[in-house]
Amino acid sequence: MKMPKLSVKEVQSHDVYWLDPTATVLEAAKLMSDKNISSVTIEEEGRPIGIITERDIVQRIVALKKDPQKVTCKDIMTSPMLTIRPDAPLVDAMQKMIRGNVKRLVVIDDSFRSMGMISYSDILKVSPDLLEILSIEVCSDEFLADSFSGYCARCNEWTEHLHESEDGEFLCKSCLQL
Ligand SMILES: [Zn+2]
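Each position in the sequence shown, counted from 1, maps to that position plus 69 in the working numbering.
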């Protein structure tokens, strides 16, 4: 089977839509509807800290009959999130999604700023074979140990590799070793 040579940046969306963690879910829903997008990044101090998808709004607000004007993005966002670099091969992005059980990754640049998103369906559109290639692989349980990105709960540095401590806090590598 031929491995596709495309990288994330050739397939990702380059639109960057984000909201503050304090924005309401109603604002998130309006933004998604206005821009015709299915997910939005939540950012703090210029760096992504989480993601909200249409599905989150349906499952965590609509289905539970909560008021989207009273719930903030911070309350329902998935955080920390999985990220990927624009130069990464598509196969890496797909692997990350499958192992992390998510359908989207936030694409980040060298200064950890969000540059758009890449979704499962974006990838399948350009290379439908990829799923077949990956389904043969055995998933590693250790993958998720340091795959999340976000601010360290202790030193507040943004890192691509958060580790979950025994207390359930997400920490950078140096804080984890303290
Ligand atoms: Zn830290």
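We put the CB at the ideal spot given by N, CA and C, even for glycine.
6 Å Cβ shell around residue i - same chain, five flanking residues per side excluded
| i | result |
| --- | --- |
| Trp87 | Thr110, Glu112 |
| Phe181 | Arg116, Trp227 |
Local Cβ density within 10 Å of residue i, reported as buried at 16 or more and exposed below that
| i | result |
| --- | --- |
| Cys224 | exposed |
| Val207 | The predicted model places Val207 with a pLDDT of 48, which falls under 50 and marks its position as unreliable; any figure quoted below should be read in that light. So Val207 ends up on the exposed side. |
| Arg124 | exposed |
| Lys165 | buried |
Ligand 1 heavy atom lying under 7 Å from the CB of residue i
| i | result |
| --- | --- |
| Arg223 | yes |
| Ser234 | no |
| Val142 | A small fix is needed here, since residue 142 is Cys in this sequence, not Val. Every heavy atom of ligand 1 is 7 Å or more from the Cβ of Cys142, so no. |
| Ser243 | yes |
N- and C-terminal bounds of the beta strand (DSSP E) containing residue i
| i | result |
| --- | --- |
| Leu247 | Premise fails: Leu247 is in no beta strand (DSSP E) and is neither H nor E. |
| Arg173 | 173 to 177 |
| Gly169 | Run containing Gly169: none in the beta strand (DSSP E); it sits in the alpha helix (DSSP H), 159 to 169. |
| Ser218 | 217 to 220 |
Own chain residues within Cβ distance below 7 Å of residue i, not counting five before or after
| i | result |
| --- | --- |
| Ser188 | Lys172, Arg173 |
Close-in-space but distant-in-sequence residues of the same chain around residue i (CB under 8 Å, 5 per side omitted)
| i | result |
| --- | --- |
| Thr141 | Pro90, Thr91, Ala92, Thr93, Val94 |
Limits of the alpha helix (DSSP H) - the one that residue i falls within
| i | result |
| --- | --- |
| Tyr248 | Nothing about residue 248 can be reported from this structure: the residues present for the chain run from 70 to 247 only. |
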